[in-house]
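Shown next, in structure tokens, is the structure this report addresses.
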Amino acid sequence: MDVKQIEKLIKAALPDAEVRVEDPMNDRTHFEALVISPSFQGKNRVQQHQMVYRALGGAFEGPLHALSLKTMTPEQAGL
Numbered sequence: 351m352d353v354k355q356i357e358k359l360i361k362a363a364l365p366d367a368e369v370r371v372e373d374p375m376n377d378r379t380h381f382e383a384l385v386i387s388p389s390f391q392g393k394n395r396v397q398q399h400q401m402v403y404r405a406l407g408g409a410f411e412g413p414l415h416a417l418s419l420k421t422m423t424p425e426q427a428g429l
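Written as structure tokens, this is what we have:
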């Protein structure tokens, strides 16, 4: 799995989201993601993360090992 694949999965489920994914270890198994979406409005952090993990489906059963996730609304991001 690579950065573009993760971004594509998240954007498919949250088309209004701004998604930034990085592979800081360059190992294609440990990633960091920032997801900013109006869809997160009124949801707590756990609910926001659940939305993103649902978007990734079974990726954790395969090549994706770890994801450091930060989620926020556009207002929280200052957008």
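Residue 351 is where the sequence shown starts when you use the working numbering, and the numbers rise one by one after that.
Where a beta carbon is used, it is the ideal one built from N, C-alpha and C, also for glycine.
Quick check on A409: does DSSP put it in helix, strand or coil?
If DSSP states are grouped into helix, strand and coil, A409 belongs with the helices.
If L359 and A409 are in contact, beta carbons under 8 Å, what's the gap, nearest whole angstrom?
Yes, L359 and A409 are in contact; Cβ-Cβ is about 7 Å, under 8 Å.
Could you check what DSSP says for M401 in three-state terms: helix, strand or coil?
Helix at M401.
Residues in the same chain with beta-carbon distance under 6 Å from L406, minus the five sequence neighbours each way, listed in chain order, please.
Same-chain partners within the cutoff: L359.
Taking the alpha carbon of M351 as the point to measure from, which residue in D377, A362 and A367 has its own alpha carbon closest?
For M351, the nearest C-alpha among the options comes from D377.
Starting from K420, follow the alpha helix (DSSP H) in both directions and report where the run begins and ends.
Element bounds for K420: not the alpha helix (DSSP H) but the beta strand (DSSP E), A416 to M422.
Tell me which residues share the same chain as A363 and place their Cβ nearer than 6 Å to its Cβ, disregarding the 5 neighbours each side in the sequence.
Cβ neighbours of A363 beyond the five flanking positions: A405.
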